[in-house]
Structures are given as C-alpha cells and as structure tokens.
Amino acid sequence: GAVVSQHPSWVICKSGTSVKIECRSLDFQATTMFWYRQFPKQSLMLMATSNEGSKATYEQGVEKDKFLINHASLTLSTLTVTSAHPEDSSFYICSAAASGTGLTEQYFGPGTRLTVT
Amino acid sequence: GNSVTQMEGPVTLSEEAFLTINCTYTATGYPSLFWYVQYPGEGLQLLLKATKADDKGSNKGFEATYRKETTSFHLEKGSVQVSDSAVYFCALSGLSGNEKLTFGTGTRLTIIP
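Here the protein sequences line up with chains B and G, keeping their order.
The first sequence lines up with residues 153 to 269 when you count with my numbering.
The second sequence lines up with residues 322 to 434 when you count with my numbering.
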C-alpha cells in the first residue's frame, strides 16, 4: 500500500514552453503533498507544500509564478513549470502524506526528470 | 531552524565490510528521524525511522539509534552487499507525516565485489 506515482517519468521540452508534472496517490488520500527538486549528486530541496483545496506554501527563493502547484483533489497534485529554461532542468520528486489514516510518513514518487533544451 | 549534517561521500567498501554513515542533526523539540535510500534510477524509499530518543530503527540489516544526547542517528550495517549500492539520505521532521522533511546532502555508497 501507500503508492505514489508520477507522470511523466521523463520529459524533454524546448526553452520557453511549459511542462506539467502529475503526482498521484494511488491507494490513499493525500491531505498534503510536497514537491522537491534534486540536482545531480545533491540532496532534495523542498520547493513547496500543498494541502488539498488550498494554495501551496512555497519555500524561500522558489518562484511561485514559475512553479505553479495545484492540489485539486485528495489524490492528485500537479506541478507546472512555466516558461521553462535550461536551468530548470532537474529531477522533480513529489511526496504525499495522509493524516488520520494511520499513515504517519511521507511516500515518495519515483521522480520526473525534466530536460529543457 | 532544522538542519541535518551527513557524512560526505562517496563511500566505497568491499562486500561484507562494516558500514557506518554518520548523521547529526539540529532541531527544536523532538523530531522524528529517518534514513531514506535512493537506488540508481529510482525514487526515495524509506529505509528506517525512529520517533523518540533511544529508539532503534532497523530494516534489511541496517540499523540506526536515535541518540538525543549526541543529536545523532548514525546508519550501520554489519555486512554490506553489492545490492546496497545506492545514495542514502538522513532526514528529520516533526512527528506527523504532514510536516516537511529536512534532508542531509546524501551519501553515495558503492559496494565492490
């Protein structure tokens, strides 16, 4: 149980275009989802925290207008990278957490590798 | 604020060697502590966790003990295998899974036959 999926697993896009990444909790309802960014050979950097039905909370230094997060349902959150540039190329990882269900940890998706050319 | 300091890698060991990856933390209150593992090409998986002082988390032969007096959560395994090659992340958060995780920088472990 407690599986989180991400789609797509990898994507290549041209500079200036927008890319949407989906994060789904497959067998539980995620009241909170987190979006991370991981640079090569580095740790995960939390970008934002989203709660279902409310606006995401962005970490300091993360551009909210560039990284649009929507958590429209208890099983789906999306991250849209708008007007992507090569420096946005990275590995994006989501995690999902549930409350009141006995699930007391975050469950991570497999990640999405974004390459902007 | 919260922070996690983790032993820098990369670490290369021979099969059946003893492994220790050091992790210390700074936090207010009483955080939960975690070790996550990331195998090549995959996402993070929870390896083990401890939620209070003196708790020992264990899984797949790995162990880590929550030491409040030294603010440490060192990862150990008595005999590593090639399949343990991965990146290991130490992390902390509040008790609830809905609280954000603070990660260490990760330690890349390579086990050679």
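Glycine is no exception: its CB is placed at the ideal position from the N, C-alpha and C atoms.
What you are looking at is a predicted structure, and each value in this text was computed from that prediction instead of being measured.
With DSSP as the reference, identify every bridge partner of residue i, one or two as the case may be.
i	result
Val233 of chain B	B:Val171, B:Phe219
Glu384 of chain G	G:Ser379, G:Glu397
Asn203 of chain B	B:Thr184
Ala249 of chain B	B:Thr184
Met197 of chain B	B:Arg189
Gln158 of chain B	B:Cys175
Ala407 of chain G	G:Leu430
Val214 of chain B	Looking at the DSSP assignment, Val214 of chain B forms no beta bridge with any residue, so it has no partner.
Flag residue i as yes if its beta-carbon sits less than 9 Å from any beta-carbon of chain G, otherwise no.
i	result
Ile245 of chain B	yes
Phe219 of chain B	no
Gly261 of chain B	yes
Glu257 of chain B	yes
By a C-beta neighbour count over all protein chains shown, 10 Å radius and 16 as the cutoff for buried, is residue i buried or exposed?
i	result
Trp162 of chain B	exposed
Thr391 of chain G	exposed
Tyr360 of chain G	exposed
Thr155 of chain B	Thr is not the amino acid found at residue 155 of chain B; the sequence shown has Val there. Flag for Val155 of chain B reads exposed.
Gly350 of chain G	exposed
Leu178 of chain B	exposed
Lys421 of chain G	buried
Is there at least one Cβ from chain B nearer than 9 Å to residue i's Cβ?
i	result
Tyr357 of chain G	yes
Phe339 of chain G	no
Gln402 of chain G	no
Leu367 of chain G	yes
Gly364 of chain G	yes
Lys373 of chain G	no
State the Cα-Cα distance for the pair residue i and residue j, rounded to the nearest angstrom.
i	j	result
Pro238 of chain B	Ile164 of chain B	10 Å
Asp217 of chain B	Leu226 of chain B	23 Å
Gly168 of chain B	Thr269 of chain B	9 Å
Gln258 of chain B	Ser335 of chain G	32 Å
Thr234 of chain B	Val171 of chain B	7 Å
Val403 of chain G	Thr431 of chain G	7 Å
Glu215 of chain B	Ile433 of chain G	42 Å
What are the residues in the region 376–394 of chain G lying within 8 Å of chain B by C-beta distance? Result list empty, no residue passes.
Along the region 180–195 of chain B, where does the CB come closer than 8 Å to a CB of chain G? Name the residues. Per Cβ criterion, the list reads Thr183, Thr184, Phe186, Lys193, Gln194, Ser195.
Any C-beta of chain G within less than 8 Å: which residues of the region 222–249 of chain B qualify? Residues Ile245, Ser247, Ala249.
Going along the chain, which residues of the region 197–218 of chain B sit with their C-beta nearer than 7 Å to a C-beta in chain G? Taking 7 Å as the Cβ-Cβ cut-off against chain G, the residues of the region 197–218 of chain B that qualify are Leu198, Thr201.
Using a Cβ-Cβ cut-off of less than 9 Å, list which residues of the region 421–433 of chain G approach chain B; keep chain order. Of all residues in the region 421–433 of chain G, Lys421, Leu422, Thr423, Phe424, Gly425, Thr426, Gly427, Arg429 have a Cβ within less than 9 Å of some Cβ in chain B.
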